[in-house]
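Each remark here refers to the structure printed beneath this line.
Chains as they are written, first to last, in UniProt numbering: chain A, 1 to 289; chain B, 1 to 289; chain C, 1 to 289; chain D, 1 to 289.
Here it is in structure tokens:
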């Protein structure tokens, strides 16, 4: 589910015998430790956000008609800029193919390709929407920051509870199909439950407490069944929340446990700031962090 | 609520004096340890899912009209296949009646019966929807897998918090009836609150935060009352979630208990920081983590 | 908020010098320990539920028109029955006035009064809906049962977190008023935001994720603001849930802590089943439960 | 996020050489310890709430037309009252400018300014709605009360989980934009998904389980995508709730820490089961529970 490998960007190890300019370029483009690296990241984030805003506004008809020329120019500006960035990224790593095949390498390519393809093949306007995936590129910068440690805690807890959530999801999907089929029988086509897939769609809308109201049960029996589904949905939200809360608490606790044994009595479970064993009073070894 | 007994499938114990072919068949059909057993499970899951998709698509009028012949044939294919499977299951167990009466035995029968009955009694189209219950059969395969341990944790926590959730549900139902009656008095028929049952239905739609919007209060007093119900519903979702989270954490903790047996009395379940056995006072071996 | 006193029913202590029949009657009507007391409770619950169903069906016009006579008769049957019960309750306690003034005494009276008043004053049909409050009487029976211990845990946790939830609610109400006023300015009357109270109502519908859809923002700015409110509402549901979960866990833990100090080393925090001190190995005093 | 500084009101220290009347005034207006101070707070809260009700009712057209004169008079009554209070506040503090620049000083000014500006510049009716911000002033009184300790626990937990929630929010926003763009491609203008911003708005309405129903997918693929978004939204609500629950529990635990000071080094923060000081190894006094 959560793949760790493609997230590792192919940074060059300090000791490798590469040319100096490549090393410097790599630090600026992939790193965030140097001043230039940070500046690069900030400019990149701003450019990405601006290009996203452009893509979004471009889809509003009234605005597109008025600023068609501006959108066209800015789109090519962003595309050329990101193309230059892509080439620099390829140049700055020792194994460009590895980068190109990584998750972020693929996203980088995907953020420039649609504009070029739009030039070659006319009438693929909808493909241009793919440019919105540029948004994913911000996660790369985020990855370098101090926020990543927090994100990692969340991801680890998600990973640990993955199986429990899979069981939960399968149960919900079964409930949704069975109750959808029931509603199809009970309500029938007049109320909008024209087929089982549509009934299942309605059941999902209801059990997740979204409730659009475009389809709603008309018969007394249908409303009784709908009430059951709603209360069920209202209640079983407790399951994923409980799973995730318990998992997060566990990881909180695990990260806080000191594993130094007391040299005298062997007791563990001391606090991080403990100097003496709390059971026998013997001095503890200092923590080797 | 959660019945454990019918879930146990009637596996034959290795030491029982049955014919060899029955034992082999049993291992393939009911088990998942052997290679053939795993293959059987995978094929079965695929067949079940395909038949479910067929049933669902068959209910869409546009598709049914076009592929009527195909659906008819595939339906008989799946029914005959599952009938064969049912017979093999009956043959492979020592006490077929016990299997037939078990929960999954009943579901297996239910997944083939509707098609046969449709042959005998014309015009029972709606009964065919029962075939959707085939979906439940996948739980049998799931039961054998490593996912079951996770599901068990969830079920145990549900079971332990069952009474608390029952109290909660009764309270919610009382609230829903009392507020439903109040809305019936306040709003009356013009706004769609034509009867107490309908008002109660609306209150359920509102308190679970589903909110279809087919009925909605019109008077100021009704909207004030509705606001109260919404905020109440928004808040009391905390109750089942809290119950379940606390229960899950408890079972997490129980599974984290030290497994050092006392060298003197053999008791387990000591705390991580225990030095002496809490039952007989004998010194415990240090933990070898 | 949660008043404990009126819930105590005025049971007569065994040693008090009352007539024997009153004592027996009291045990049957108020208690659930004897066989007759349990039977009384079961019959009472069934009668209450039947009368509730009658009241609800009576409000459905189509059904009322058809079974008007039946509803009329059954209503008087239930009223006379509950009146008899009320008189018996008054007779069976030593201080009838104390019972009549208690919470359940008031509910008991309220469940028979509307029918009598309907006889005296014609045209008070809506008051008849008050009979739905009979539902509250089931809590009295529930109070005696083993489910009460669970309900108490939930109530104690609610009580303990009462202040935190009050702070949370006040913050939500402030948000709702301020954002409601903002939406009133931004959207104006055309979109249905005709006044601040109505805007506040809409904000409550949105922040609690109910979302009827009878009123919805039309302008871009309004939709942006609405998005903010939705995400806020989606997020702050975490607050009451977190409060309640933490409180429930605490009460779980407190009810599990043994406070026996070790006679030798004075250590506390032993498990309930501990016989020896886990820190020094000395025998603990037996628990005086 | 949560700024502590502006909340500190500029109370005069007892030992400062100010005139006695200013000290007394300060205690009454800013404090809540004296009888007069409490009375002042209660009257202030009532006045604020009354003025809020006036502002809200004034926005309802039917009511405004009927009581125009009354609203006009009461508005000036409240404005003059709050102006007097503002002047007294300025007088009662030693450094008025500091007060005027503080958060509450700004809110106080904002609650009287709109009425005066309405006098000077006609046609700024909408600005009058700013008076609703008077509601924020109640937090100042709340701040002095015992409820503040509870609010602080909630705020500290929010503050501690701020980074995790920021990561969560950014992920949700990315999901919302990407799925919004997808729905725009899949559904197109006919179903109401006229532009990417509008599609994103719909996705927010759906993922937060609000579900107005003003826009809803029509094609099968769109409904499948919508189902995915709903189940995702239903599930990821577990994330902020889990974060906040875990954080609150942690702060609960921290507040349960033993307050025995070490007789030798005076350090506190020992565990309940500690026998020796964990900082200097000296034996602790036994807990006198």
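Note that CB positions come from ideal geometry on N, CA and C, so glycine has one too. Owing to the predicted nature of the structure, the values given are computational and were not obtained by experimental measurement.
Can you find the residues in the same chain that come closer than 6 Å, C-beta to C-beta, to residue i, ignoring five residues on each side of it along the sequence?
i, result
"residue 283 (chain C)", "276"
"residue 209 (chain B)", "233"
"residue 21 (chain C)", "none"
Tell me which residues share the same chain as residue i and place their Cβ nearer than 7 Å to its Cβ, disregarding the 5 neighbours each side in the sequence.
i, result
"residue 229 (chain A)", "179, 203, 206 and 207"
"residue 111 (chain B)", "82, 131, 133, 134 and 137"
"residue 119 (chain C)", "none"
"residue 67 (chain B)", "none"
"residue 96 (chain C)", "90"
"residue 165 (chain A)", "240 and 243"
"residue 161 (chain B)", "243, 244 and 247"
"residue 154 (chain B)", "none"
Can you name, in chain order, every residue of its own chain whose Cβ lies under 8 Å from the Cβ of residue i, other than the five neighbours on each side?
i, result
"residue 63 (chain C)", "57"
"residue 88 (chain A)", "25 and 29"
"residue 156 (chain C)", "251"
"residue 176 (chain D)", "200, 203, 204 and 207"
"residue 100 (chain A)", "90, 106 and 109"
"residue 76 (chain A)", "115"
"residue 36 (chain A)", "27 and 28"
"residue 54 (chain A)", "71, 74, 75 and 78"
"residue 45 (chain C)", "138 and 141"
"residue 80 (chain D)", "none"
"residue 86 (chain A)", "108, 109 and 112"
Alpha helix (DSSP H) containing residue i: first to last residue?
i, result
"residue 23 (chain B)", "20-30"
"residue 108 (chain B)", "103-110"
"residue 113 (chain C)", "113-120"
"residue 86 (chain B)", "61-92"
"residue 58 (chain B)", "35-58"
Am I right that residue i and residue j are in contact with their C-beta atoms under 8 Å? What's the rounded C-beta distance?
i, j, result
"residue 129 (chain A)", "residue 181 (chain D)", "5 Å"
"residue 237 (chain C)", "residue 237 (chain D)", "7 Å"
"residue 140 (chain B)", "residue 104 (chain B)", "5 Å"
"residue 60 (chain B)", "residue 197 (chain A)", "6 Å"
"residue 222 (chain B)", "residue 211 (chain C)", "At roughly 18 Å, the Cβ-Cβ gap does not stay under 8 Å, so residue 222 (chain B) and residue 211 (chain C) are not in contact."
"residue 51 (chain D)", "residue 78 (chain D)", "4 Å"
"residue 149 (chain A)", "residue 147 (chain B)", "The Cβ separation is near 30 Å, so there is no contact."
"residue 249 (chain B)", "residue 249 (chain C)", "6 Å"
"residue 213 (chain B)", "residue 213 (chain C)", "4 Å"
Original post:
Do the stretch 191-203 of chain A and the stretch 214-221 of chain A make contact, defined as three or more Cβ pairs closer than 8 Å?
Top reply: By the Cβ criterion, the stretch 191-203 of chain A is in contact with the stretch 214-221 of chain A, since at least three pairs of Cβ atoms, one from each stretch, lie closer than 8 Å.
**OP:** Could I get the ranges of all uninterrupted beta strand (DSSP E) runs contained in the stretch 160-226 of chain A, with 3 residues as the minimum, in chain order?
**Re:** Runs of the beta strand (DSSP E) lying entirely within the stretch 160-226 of chain A and spanning at least 3 residues: none are present.
Subject >> Residues in the stretch 202-213 of chain D having any Cβ partner in chain G nearer than 7 Å >> reply: Of the protein chains in the structure, A, B, C and D, none is chain G.
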